[in-house]
Amino acid sequence: MESSLGDRLVGLLGSNAVVPVDGYNVDGLTPQAVVRPGNRLQVSEVLRWASAEQVSVLPWGGGTRMGLGNVPRKADLVLDLSRLDRLVDYQPADMTATVEAGVTLASLQEQLAPGGEFVPLESELSSRSTVGGILSVGSGGPLAHAYGLPREWLIGVSVLSADGIATKSGGKVVKNVTGYDLNKLYTGSLGTLGVIVEASFKLLPIDREAGALMASFPSLSSALSAGQKLLHSPAAPMGYQSVTSGASRRLQDSLNAASQDLGLGDPETALSFAFYSGRANATARRLEEGAALLLSAGANAVQRVEGPASNGLLRWITDAPSEMSPRSALMMKLSVPSKAAPSTSAESSDITLFGNRPEQLADPGFGTIRLFWPQAPGGAEEQPFLDAIKQTQQIAHRYGGSAVVEQCPLPIKGNIDVWGDAPDSLAIMRRIKDKFDPAGILNPGRFLGGI
Amino acid sequence: MEFKKFLTGLQGIVGEANVVFHHDDLLVFEYDGSVDRGLPYAVVFPASTDEVSRVIALAYGAGVPMVGRGTGTGLSGGAIAPPGAIQIAFPRMNHILEVDTENRLALVEPGVINLNLDTHVRKFGLRYAPDPSSQRACSLGGNIAENAGGPHCLAYGTTTNHVLGMEVVLETGEVVNLGSLARETVGYDLRGVFTGSEGTFGIATKIAVRLLPVPESVRTFLGIFPDVESACTAVSAIIENGIVPAALEMIDALTIQAVQKVSDAGYPDDAGAVLLIELEGLQNEVDEIGAEVEAALWDTGATQVRAAESAEEREQLWAGRKGALGALGSIAPNYFLVDGVVPRTKLAQVLGQVAEVSKKYDIPIANVFHAGDGNLHPCLLFDERQPGALDNIVAAGAEVLRICVDAGGTLTGEHGVGLEKKEQMPLVFSEEDMAAMISVRDAFAPDNALNPGKIFPDGVQHTHSAHPAAPGMTV
Numbered sequence: 482m483e484s485s486l487g488d489r490l491v492g493l494l495g496s497n498a499v500v501p502v503d504g505y506n507v508d509g510l511t512p513q514a515v516v517r518p519g520n521r522l523q524v525s526e527v528l529r530w531a532s533a534e535q536v537s538v539l540p541w542g543g544g545t546r547m548g549l550g551n552v553p554r555k556a557d558l559v560l561d562l563s564r565l566d567r568l569v570d571y572q573p574a575d576m577t578a579t580v581e582a583g584v585t586l587a588s589l590q591e592q593l594a595p596g597g598e599f600v601p602l603e604s605e606l607s608s609r610s611t612v613g614g615i616l617s618v619g620s621g622g623p624l625a626h627a628y629g630l631p632r633e634w635l636i637g638v639s640v641l642s643a644d645g646i647a648t649k650s651g652g653k654v655v656k657n658v659t660g661y662d663l664n665k666l667y668t669g670s671l672g673t674l675g676v677i678v679e680a681s682f683k684l685l686p687i688d689r690e691a692g693a694l695m696a697s698f699p700s701l702s703s704a705l706s707a708g709q710k711l712l713h714s715p716a717a718p719m720g721y722q723s724v725t726s727g728a729s730r731r732l733q734d735s736l737n738a739a740s741q742d743l744g745l746g747d748p749e750t751a752l753s754f755a756f757y758s759g760r761a762n763a764t765a766r767r768l769e770e771g772a773a774l775l776l777s778a779g780a781n782a783v784q785r786v787e788g789p790a791s792n793g794l795l796r797w798i799t800d801a802p803s804e805m806s807p808r809s810a811l812m813m814k815l816s817v818p819s820k821a822a823p824s825t826s827a828e829s830s831d832i833t834l835f836g837n838r839p840e841q842l843a844d845p846g847f848g849t850i851r852l853f854w855p856q857a858p859g860g861a862e863e864q865p866f867l868d869a870i871k872q873t874q875q876i877a878h879r880y881g882g883s884a885v886v887e888q889c890p891l892p893i894k895g896n897i898d899v900w901g902d903a904p905d906s907l908a909i910m911r912r913i914k915d916k917f918d919p920a921g922i923l924n925p926g927r928f929l930g931g932i
Numbered sequence: 213m214e215f216k217k218f219l220t221g222l223q224g225i226v227g228e229a230n231v232v233f234h235h236d237d238l239l240v241f242e243y244d245g246s247v248d249r250g251l252p253y254a255v256v257f258p259a260s261t262d263e264v265s266r267v268i269a270l271a272y273g274a275g276v277p278m279v280g281r282g283t284g285t286g287l288s289g290g291a292i293a294p295p296g297a298i299q300i301a302f303p304r305m306n307h308i309l310e311v312d313t314e315n316r317l318a319l320v321e322p323g324v325i326n327l328n329l330d331t332h333v334r335k336f337g338l339r340y341a342p343d344p345s346s347q348r349a350c351s352l353g354g355n356i357a358e359n360a361g362g363p364h365c366l367a368y369g370t371t372t373n374h375v376l377g378m379e380v381v382l383e384t385g386e387v388v389n390l391g392s393l394a395r396e397t398v399g400y401d402l403r404g405v406f407t408g409s410e411g412t413f414g415i416a417t418k419i420a421v422r423l424l425p426v427p428e429s430v431r432t433f434l435g436i437f438p439d440v441e442s443a444c445t446a447v448s449a450i451i452e453n454g455i456v457p458a459a460l461e462m463i464d465a466l467t468i469q470a471v472q473k474v475s476d477a478g479y480p481d482d483a484g485a486v487l488l489i490e491l492e493g494l495q496n497e498v499d500e501i502g503a504e505v506e507a508a509l510w511d512t513g514a515t516q517v518r519a520a521e522s523a524e525e526r527e528q529l530w531a532g533r534k535g536a537l538g539a540l541g542s543i544a545p546n547y548f549l550v551d552g553v554v555p556r557t558k559l560a561q562v563l564g565q566v567a568e569v570s571k572k573y574d575i576p577i578a579n580v581f582h583a584g585d586g587n588l589h590p591c592l593l594f595d596e597r598q599p600g601a602l603d604n605i606v607a608a609g610a611e612v613l614r615i616c617v618d619a620g621g622t623l624t625g626e627h628g629v630g631l632e633k634k635e636q637m638p639l640v641f642s643e644e645d646m647a648a649m650i651s652v653r654d655a656f657a658p659d660n661a662l663n664p665g666k667i668f669p670d671g672v673q674h675t676h677s678a679h680p681a682a683p684g685m686t687v
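Chains D and E are the protein sequences, given in the same order.
Be aware that the first sequence starts at 482, since it is given in my numbering, and climbs by one per residue.
Be aware that the second sequence starts at 213, since it is given in my numbering, and climbs by one per residue.
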């Protein structure tokens, strides 16, 4: 069976497009074959064939978020899109760009930089994360308070349907209400409705001056309430992130001298980062007023980080969840209205797993709180996980938000819906899925409600 | 179901006074801001989600098609009643239910007027950013249906970037919540695809929108240019300097003449183009960028540059732009407004081609547009009393849209497809593209009972009727 699927694909696309399955596991499942098409015609052929043969297809960008979502019901074929990596069209004066889905975010930003522009997408591991993958996940990063989610920047998309038919929505212009806005539907659909092969984005000019504030607080809750004050002031940053001291320990090592000044010895200490960019004068004024505001709002100490060093901090915070991942037994991401962020964070901090409280990375502006419970010896027992997950979801739901399990042991993952309780619109979502993928071959089971 | 019995049913839900069905009373609901018209069967004014749900369930059961109507300012026929349809309108559901300053959001009913929301939340130092030029009259429910834009969408995005969640009623009367008060939700982004669905997916009965802080400083610049080409060069120069203004608007010579005829906006009679630029931010930010904008205007051939910071002075600079469409009435009794979008770099070229269309069809075309977004608004001027004038205009409008599409653009930036442009959808989208769109509609409204006959080509020609260029009309 294993060889036959691969052999049939070799027959379909030639041997160049079929690659070894090593390293392409999804939730412990090894696909029967991995195909790496060289152009979108080949992607279309694969999909048409898979649809007819009822072969399940798992689209794969950089493979950085393949653990997101439920355990797939079937994982026959991985469709690696990394060879579709061309910048198709870039007109700096239009402030738009069109790219193939397999280009990495870092590579795209490098290609846009000579035009003085960037695409306001954020992702962990940007040198591996692809545009298609980032759109499929649909999440933002530490600057989501300013940039929002990828949905805000996608102006057009080309998608191959489950049976390989090319469709598009939107276009290459920045304002467009021609036809339904399917861009929004594909963004965040985790590859369950079609395979994104090309995307057009609205861009922004690169700001001339970047800077950051780094502040220590006696507790995470004081860091978050100070953050809300800052975000509601004229010195509002582009993004504000607070981390518990355990989560910031790595940073502490790399910024040894600075962190000593910030008094990070105390385990209760929390660290906050406020990121700024813009014109030099305005950035300077925001940094100055912001630092004063944080001190008066209870910070132990505040440090200014200017220029490229602040970009380094931003990268560290962006990648923090990936860095925390190997040391974490359970990772959850909560999204709540911003006002509820401090209470959500405080209540979540009391949820223990094998006696451990979670480390936290919290964004009180956008309302995202990530929780990381550390690995514990002998921590394979199922019930404590289910209890912690349930309690966390209850907190998020009480504040009108959601809580997604981003990482947990596989046996537990197989028994839960990582997305939490389904909203009352699930029936509409199911009907959409049935229309777009009647054979149910695209990422079966990974999405909300087993879609 | 018999008409009388159906009406009695509607009256039983919303009260007798809130169902309009006499022919003369219905005439005002026959129009929106476009050239299309259609007389509804009846118009219903519900007061609550429950009433909307029961009205829809009744009509659905009776096989009567329905269309939501905001305030009728739409420019593509979106709210025009399809044959035999009832309209559901929201003058009674016009309450701002909550302003949550900590979460920076407002919860509103669909009949709330856009400007009323903005004015109300400014008391709290907040604002609602999407500002369609009809904002004094248009409602949030209609804004959702059309994904309305406006001058300040250049920096802040259109309606879809500001809607957090909605309570909507589906064609069967079922009430469903889309999105949430949190910025990120799980599942498909249904509130995203609902926004701009032109009333075909459902009717929003409660809407949560994001609010933004009022900036510390706002400065408006007005540049007078000898011609549209040099004004377009100024637009490029500003963008190339890494500046994204809050708004970047242009009007051309014909519009300037019309404006000056109606009231003195301070434009020289021989001006070829007026460019309006608005900057927002911290005081020192606006100072620094303002100096660069001013320099760019002079460098690209402006003959005059004015700047204003106080609300009153800024209003004066905007007056000509805001009153432009109404002023066109001084040149011709009617206009047909085209909403094509092109890449910014194609603006000058496309405006040149639009001028050729003007010559070819012997139609004066005035241009008032969102230059920063590449969103054109050529106004084709005519007199509907002249035989064949409207057909000539519709043909010329179609040619303008083809030019926009050929330049890499599209049919509509903010007005919607509606009835007006449905037959032109194949210029932009393939059968397969449209089939994918329709399959989403099928998931929301399998029986297509809400606003049928809009957006997608069906070969059905609709009745046109020109409407006068009245002072209240805006774009």
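Every residue, glycine too, gets a C-beta built ideally from N, C-alpha and C.
For the alpha helix (DSSP H) that residue i lies in, which residues bound it at each end?
i	result
E:N660	E:N660 -> no alpha helix (DSSP H), and no H or E assigned at all.
D:Q872	E863 to R879
D:E581	Run containing D:E581: none in the alpha helix (DSSP H); it sits in the beta strand (DSSP E), T577 to E581.
D:S938	With chain D running from 482 to 932 in the structure shown, residue 938 of chain D is simply not present.
E:L563	L559 to Y573
D:M910	L907 to F917
E:T445	V440 to E452
E:S265	T261 to A274
E:D330	N326 to R334
Taking Cβ positions only, does residue i come closer than 8 Å to chain D?
i	result
E:D401	yes
E:C365	yes
E:F656	yes
E:E688	Given that chain E is displayed from residue 213 to residue 687, the structure contains no residue 688 of chain E and the question cannot be resolved.
Could you tell me whether any Cβ in chain E is nearer than 8 Å to the Cβ of residue i?
i	result
D:E605	no
D:G931	no
D:F599	no
D:G473	Since the first residue shown for chain D is 482 and the last is 932, residue 473 of chain D is missing from the structure and cannot be characterised.
D:G759	yes
D:G543	no
D:P904	yes
D:G669	yes
D:S532	no
Count the other CB atoms within 10 Å of the CB of residue i; is the residue buried (16 or more) or exposed (fewer)?
i	result
D:P501	exposed
E:V629	buried
E:K216	exposed
E:D343	buried
E:V672	exposed
E:D585	buried
D:S496	exposed
E:N260	Before going further, note that residue 260 of chain E is Ser rather than Asn in the sequence given. By the neighbour-count rule (16 or more Cβ atoms within 10 Å), E:S260 is not buried but exposed.
D:D844	buried
Between which two residues does the beta strand (DSSP E) holding residue i run?
i	result
E:T220	E:T220 -> not in any beta strand (DSSP E); alpha helix (DSSP H) instead, spanning F215 to V226.
D:F698	E690 to F698
D:Y667	Not the beta strand (DSSP E): D:Y667 falls in the alpha helix (DSSP H), residues L663 to Y667.
D:E887	S883 to Q888
Original post:
Between the region 490–506 of chain E and chain D, which residues of the former have a C-beta closer than 7 Å to a C-beta of the latter?
Top reply: G493, L494, N496, E497, E500 and I501
**OP:** Residues of the region 628–652 of chain D with a CB closer than 9 Å to any CB of chain E: list them in chain order, please.
**Re:** G629, L630, R632, E633, V640, S642, I646, A647, T648, K649, S650, G651 and G652
**OP:** Counting only runs of 3+ residues fully inside the region 770–845 of chain D, write out the beta strand (DSSP E) ranges in chain order.
**Re:** 782–787, 809–816 and 840–844
**OP:** Note down, in chain order, all residues in the region 637–650 of chain E with a beta-carbon under 9 Å from any beta-carbon belonging to chain D.
**Re:** M637, V640, F641, S642, E644, D645, M646, A647, A648, M649 and I650
Original post:
Listed from N- to C-terminal order along the chain, which residues in the region 878–894 of chain D have their beta-carbon within a distance smaller than 7 Å of any beta-carbon of chain E?
Top reply: G881, G882, S883 and V885
**OP:** Quick one: which residues of the region 661–676 of chain E get their C-beta closer than 9 Å to a C-beta of chain D? List them in chain order.
**Re:** I667 and F668
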